[in-house]
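Accompanying notes for the structure given below.
Protein chains: 2
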Amino acid sequence: MNDYEQDNAPPTGDSSRDALPPVTQHARQYETVRNAHETELIEDYVELIGDLIRHRGEARATDLASRMGVRQATVSKMVRRLNELGLVKSQPYRSLFLTEAGQSMAENSRARHDIVLQFLRALGVRDSTARIDAEGMEHHVSDETLAIMQRFIEENAK
Amino acid sequence: MNDYEQDNAPPTGDSSRDALPPVTQHARQYETVRNAHETELIEDYVELIGDLIRHRGEARATDLASRMGVRQATVSKMVRRLNELGLVKSQPYRSLFLTEAGQSMAENSRARHDIVLQFLRALGVRDSTARIDAEGMEHHVSDETLAIMQRFIEENAK
DNA sequence: TATAAAATATAGCAAAAGCTAACTAATTAC
DNA sequence: GTAATTAGTTAGCTTTTGCTATATTTTATA
Ligand SMILES: [Mn+2]
Ligand SMILES: [Mn+2]
Ligand SMILES: [Mn+2]
Ligand SMILES: [Mn+2]
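Protein chains in written order, with the working numbering: chain A, 447 to 604; chain B, 447 to 604.
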């Protein structure tokens, strides 16, 4: 199958309604999703640590575990990674702190998360559903789309 | 930190604007995302196989690899898994076919994908951006939100 | 203050999803 | 019809993200 055939007419009649994208562009779609999946859990952890500090005064591993819905061992391992990445500063058996880089990531993630959540609410999605959808969608929304969502919120809010 | 304290007043003044959700609900958010991530790659493969069959007449592993942006070995491994899951029927060195279950999953995924894509376009997102965002978002949109997106499309299309 | 409980850490296991390298089968070109 | 090219498979490696079980440390209680 050569490059010419690759992006050309389908063999059957009805099926050409929405053609396949060019191979390179198509691959880029999936690559973008894979890249998002590499960073999204880290962002969620950092964002949650920031939220816990803001709302509760401190971020403890056990609260991360219960809110994430995973075991403490899983959190422990992730915290080590966040340390290695320079996002979190922590001492053994003590609660967690964000580095400068961590705080900056937390703020970015929270801002993005809030926009997506408010957008869904403005669309008319029920709050509990909007929260669930936003938790996943936030990592797959481009800056372009985010800006449009923000405008939509402003136009449909009061 | 007990259950009472868990969902109560923050220690600092300004920070209570948007409170943390109850622990159980918060955990459910992340669990839903983790569940979506377990099935999303499978859905993307099945959907792509269906699209290739519809548009090109057959689905070959090499085309899956180039469109997914991964190596053939990766596709080979995934195809074995799709076989085990009863979604794909294939013989060594021959092109791929969907089972009944596979076709049904492909149709569902495509319908959902289309709605998300059209919704983004209706919002005003550029086509190439909309395609990228839709590829990731589609797996994190609830039925409730999807219905609202569909309504939005109908109201804003002609 | 000694002990019980809770929190944290570490070791080892598993599945998923990618990779490269080496091999085999099928198709195409000559 | 053979040789070269293309396509597909398999084995073995790596990283990520979960888990359980066990040890250690900190905190709370009697
Ligand atoms: Mn998230
Ligand atoms: Mn995702
Ligand atoms: Mn899709
Ligand atoms: Mn997708």
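Backbone N, C-alpha and C define an ideal beta-carbon position, used for all residues, glycine too.
Query: Environment of E493 (chain B) [buried if 16+ CB atoms lie within 10 Å]; Result: buried
Query: Inter-residue spacing [alpha-carbon to alpha-carbon] between E590 (chain A) and T575 (chain B); Result: 8 Å
Query: Proximity of M551 (chain A) and L566 (chain A) at Cβ, strictly below 8 Å; Result: no
Query: Selection from A:I561, A:Q471, A:M524, A:A580 that minimises the alpha carbon distance to I444 (chain A); Result: Outside the shown range of chain A, which is 447 to 604, sits residue 444 (chain A), and nothing can be said about it.
Query: Pick from A:S588, A:E581, A:G548 that is closest to T496 (chain A), judged by C-alpha positions; Result: One point to set straight first is that residue 496 (chain A) is Gly, not Thr, in the sequence displayed. Per the Cα distances, A:G548.
Query: Y450 (chain B) burial status per 10 Å Cβ neighbour count (16 or more: buried); Result: No answer about Y450 (chain B) holds up, because its pLDDT of 38 lies below 50 and its placement is not dependable.
Query: Any residue whose CB is nearer than 7 Å to a heavy atom belonging to ligand 4, listed in chain order; Result: A:V479, B:E486, B:E489, B:D490, B:H559, B:E581, B:G582, B:E584, B:H585
Query: Alpha-carbon to alpha-carbon, R527 (chain B) and R513 (chain A); Result: 32 Å
Query: D573 (chain A) versus Q471 (chain B): straight-line alpha-carbon distance, rounded; Result: 12 Å
Query: Cross-chain neighbours of A465 (chain A) in chain B, by beta carbon under 9 Å; Result: H501
Query: Start-to-end residues for the alpha helix (DSSP H) that takes in R558 (chain B); Result: 546 to 569
Query: In DSSP terms, what L542 (chain A) is bridged to; Result: A:A505
Query: Best match in B:S536, B:E584, B:N602, B:K523 for proximity to L563 (chain B) [C-alpha to C-alpha]; Result: B:E584
Query: Rounded separation between S588 (chain B) and M524 (chain B) - CA only; Result: 26 Å
Query: Classification of E489 (chain A) by the beta-carbon crowding that lies within 10 angstroms, buried from 16 upward; Result: buried
Query: Near-chain B residues of the stretch 564 to 583 of chain A - C-beta to any C-beta below 9 Å; Result: L566, L569, G570, V571, R572, S574, T575, A576, R577, I578, D579, A580, E581, G582, M583
Query: Start-end ranges of the beta strand (DSSP E) lying completely within the stretch 480 to 528 of chain B, minimum 3 residues; Result: none
Query: Test: H472 (chain A) CB closer than 8 Å to a CB of chain B; Result: yes
Query: Rounded C-alpha distance that separates A455 (chain B) from H501 (chain A); Result: With a pLDDT of 37 at A455 (chain B), under the threshold of 50, the predicted position of this residue should be treated as unreliable, though the coordinate-derived value follows. Going from the Cα of A455 (chain B) to the Cα of H501 (chain A) covers about 8 Å.
Query: Assigned secondary structure, Q452 (chain A) (DSSP; H/G/I helix, E/B strand, else coil); Result: Bear in mind that the predicted position of Q452 (chain A) carries a pLDDT of just 44, short of 50, making it unreliable; the figure below should be weighed with that in mind. Here Q452 (chain A) sits in helix by DSSP.
Query: Nearest residue (CA-CA) to T520 (chain A), options A:Q537, A:L498, A:L487; Result: A:L487
Query: Exposure label - L466 (chain B); buried when at least 16 CB within 10 Å; Result: buried
Query: Terminal residues of the alpha helix (DSSP H) in which Q596 (chain A) lies; Result: 589 to 601
Query: Spatial neighbours of H559 (chain B) in its chain, beta-carbon cut-off 7 Å, leaving aside the 5 residues before and after; Result: E493, A580, E584
Query: Length of the line joining the Cα atoms of A557 (chain B) and P538 (chain B); Result: 30 Å
Query: I594 (chain A): contacting residues in chain B (beta-carbon distance under 9 Å); Result: L566, L569, G570, V571
Query: Same chain only: Cβ atoms within 6 Å of N602 (chain A), ignoring 5 sequence neighbours per side; Result: A568
Query: Buried versus exposed call for S522 (chain A) [16 or more other C-beta atoms within 10 Å across all chains shown]; Result: exposed
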